[in-house]
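Colleague: Everything in the sequence shown is counted per this note's numbering, starting at 8 for the first residue and increasing by one.
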Amino acid sequence: MRQAFNPAVPLPLLSQPWNSAAMLRTTEAAMATSEIKQLVLRQPDDWHVHLRDGAMLGAVANHTARQFARAIVMPNLSPPVTSVAAAAAYRDRIIAAVDPAYGFTPLMTAYLTDSSDGAELARGHAEGVFTAAKLYPANATTNSSFGVTRVAALYPALEAMQKAGMPLLVHGEVTDRDIDIFDREAVFIDRVLAPLLKDFPGLKAVFEHITTAEAVAFVEAAGANVAATITPHHLALNRNAMFDGGIRPHAYCLPVIKRERHRLALRAAAVSGSAKFFLGTDSAPHAAPTKEAACGCAGIYNAPYAMESYAKTFAEEGALDRLEGFASEHGPRFYGLPLNTGTVTLDRLDTPVPADLPAAGTTIVPFHAGETLQWRFSRG
Ligand code: DOR
Ligand code: ZN
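1. Do residue 383 and residue 350 come within 8 Å of each other at the CB atom, strictly closer than that value?
2. Can you name the start and end residues of the beta strand (DSSP E) that residue 55 belongs to?
3. Quick check: what's the CA-CA separation for residue 353 versus residue 158?
4. What does the alpha-carbon distance come out to for the pair residue 50 and residue 248?
5. Determine the direct distance from the alpha carbon of residue 232 to that of residue 210, and round the result to whole angstroms.
6. At a cut-off of 7 Å, would you count residue 236 as near the ligand DOR, judging by its Cβ distance to the nearest heavy atom?
7. Run through the segment 42-116 for me and flag every whole beta strand (DSSP E) of 3 or more residues, listed as ranges in chain order.
8. Considering only C-alpha positions, which residue in the set 53, 241, 47, 165 is nearest to residue 337?
9. Indicate whether residue 283 and residue 226 have their beta-carbon atoms separated by less than 8 Å.
10. Got a sec: does the ligand DOR put a non-hydrogen atom nearer than 7 Å to the Cβ of residue 261?
11. Here's a check: name, in chain order, each residue in its chain whose Cβ is nearer than 6 Å to the Cβ of residue 299, leaving out the five neighbours to either side.
12. Give the single residue among 271, 244, 321, 97 whose Cα lies nearest to the Cα of residue 64.
13. Need the endpoints of the alpha helix (DSSP H) that residue 133 sits in, please.
14. With a threshold of 7 Å, establish whether the CB of residue 352 neighbours any heavy atom of the ligand DOR.
15. Based on Cα-Cα distance, which residue from 266, 325, 314, 144 lies nearest to residue 285?
16. Do you know whose CA, among 330, 118, 82, lies nearest residue 317's CA?
17. Within the present structure, is the beta-carbon of residue 178 separated from the nearest heavy atom of the ligand DOR by less than 7 Å?
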């Protein structure tokens, strides 16, 4: 049902949310986006999150489960999740950690190493334990020391994944110390990702947490088997945020945030309506003292206000009508999973973000700490 635009009427903008993008992409609707007071969206999923383990898992998991129906859970635990048994046990711990009322489904991933066994990956996928497998170049980021040192060693595993229709999730950075850290994603495309996808043209691949205009262009030009996730922080910040009046460890993540032209390219991709781009928070909690240190950890904890942050970006871009596709439709379609049937609501209401949150006997500083976001998330 098409709704006439009337700024005086607070919405259910999307009374048939699954038809919203098609219905509302008109000049009128784009102009009206600043007037929208309420969005009702199909429940979103997070296609890239770090839930950790133990006490930290207990502290953070409900923040994700409250907003998202499902999440692709990263396997970079210590030790990493490499076997079907380890992933099944980790899934059980996640389910035990979340409030059952949320009905949250963790989607598990395998951590690829030089010695990954294609048969184990395919078995895990067939048994519904592994949704996908994650390629960390060795030493690219947190707990990646067991990652892949030679992509060639991975070829038998990739062959098995291609055959099984199991997506490859890629942390796209070269790790060579002689490559400038701001260039590591672009160099990865040329040296690793493009050749890999040429050799496996039928492999489903998600270029995770893309940060550059080069990555956007690469994904756009690739086949329908290639997609990308985009984080709230790479949409909101450019690299100045890391040095704003002093060193800002809470704006530090990997791949590192890039210059403004890249942020603008990411924003254009996210709001473009292209099914190749979808939501992945890369929420990565670290205790505040481990970030506020001489050698601080990489990762931004955005789970508690993730949808509010994405809504801010889409509202600023005059594209709130495209948030639902990005957050709730493109991901499941790429993964071949059903769309969620529940809804969530974002009201245009001031939402102060605390300076820090208690977690596992310490604190975590959330993304947007100390700011007031203009959206408020609720379930239903
Ligand atoms: O900033 C990041 N933090 N990037 C990653 O790739 C890993 C993550 C983490 O696990 O802390
Ligand atoms: Zn990540």
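Positions of the beta carbon are idealized from the N, C-alpha and C atoms, including for glycine.
Only a predicted model underlies this, so the values are computations on that prediction, with no experimental measurement involved.
Modeller: By the coordinates alone:
1. As a first step, residue 350 must be located in the sequence shown, where it is residue number 343. As a first step, residue 383 must be located in the sequence shown, where it is residue number 376. Going by beta carbons, residue 350 and residue 383 fall outside the 8 Å limit.
2. For this step, residue 55 is matched to residue 48 along the sequence shown. Where residue 55 is concerned, the enclosing beta strand (DSSP E) stretches over 53-56.
3. Within the sequence shown, numbered from 1, the residue matching residue 353 stands at position 346. Within the sequence shown, numbered from 1, the residue matching residue 158 stands at position 151. If you take the alpha carbons of residue 353 and residue 158, they lie about 42 Å apart.
4. In the sequence shown, the residue the question calls residue 50 occupies position 43. In the sequence shown, the residue the question calls residue 248 occupies position 241. Between residue 50 and residue 248, the C-alpha separation is close to 31 Å.
5. If you number the sequence shown from 1, residue 210 lands on position 203. If you number the sequence shown from 1, residue 232 lands on position 225. Looking at the two C-alpha atoms, the distance is approximately 7 Å.
6. Taking the first residue of the sequence shown as position 1, residue 236 is located at position 229. The answer is no for residue 236.
7. List check, beta strand (DSSP E) in window: 45-49, 53-56, 77-80.
8. In the sequence shown, counting from the first residue as 1, residue 337 sits at position 330. Ranking 53, 241, 47, 165 by CA distance to the CA of residue 337 puts 53 first.
9. Here residue 283 corresponds to residue number 276 of the sequence shown, with the count starting at 1. Here residue 226 corresponds to residue number 219 of the sequence shown, with the count starting at 1. Yes, the pair counts as a contact, with Cβ atoms nearer than the cut-off.
10. For the purposes of this step, residue 261 is identified with residue 254 of the sequence shown, where counting begins at 1. For the ligand DOR, at least one heavy atom lies less than 7 Å from the Cβ of residue 261.
11. In the sequence shown, residue 299 corresponds to position 292, counting from 1. Contacts found: 256.
12. Reading the sequence shown from its first residue, position 57 is the one you call residue 64. For residue 64, the closest C-alpha among the options 271, 244, 321, 97 is that of 97.
13. As a position in the sequence shown, residue 133 is number 126, starting the count at 1. 125-133 is the span of the alpha helix (DSSP H), which, as asked, contains residue 133.
14. In the sequence shown, counting from the first residue as 1, residue 352 sits at position 345. The answer is no for residue 352.
15. To locate residue 285, count along the sequence shown from 1; it is residue 278. Ranked by Cα distance from residue 285, the first of 266, 325, 314, 144 is 314.
16. Taking the sequence shown and counting its residues from 1, the one referred to as residue 317 is at position 310. With distances taken between Cα atoms, residue 317 lies closest to 330.
17. Position 171 of the sequence shown, counted from the start, is the residue given in the question as residue 178. Checking every heavy atom of the ligand DOR against the Cβ of residue 178, one is found closer than 7 Å.
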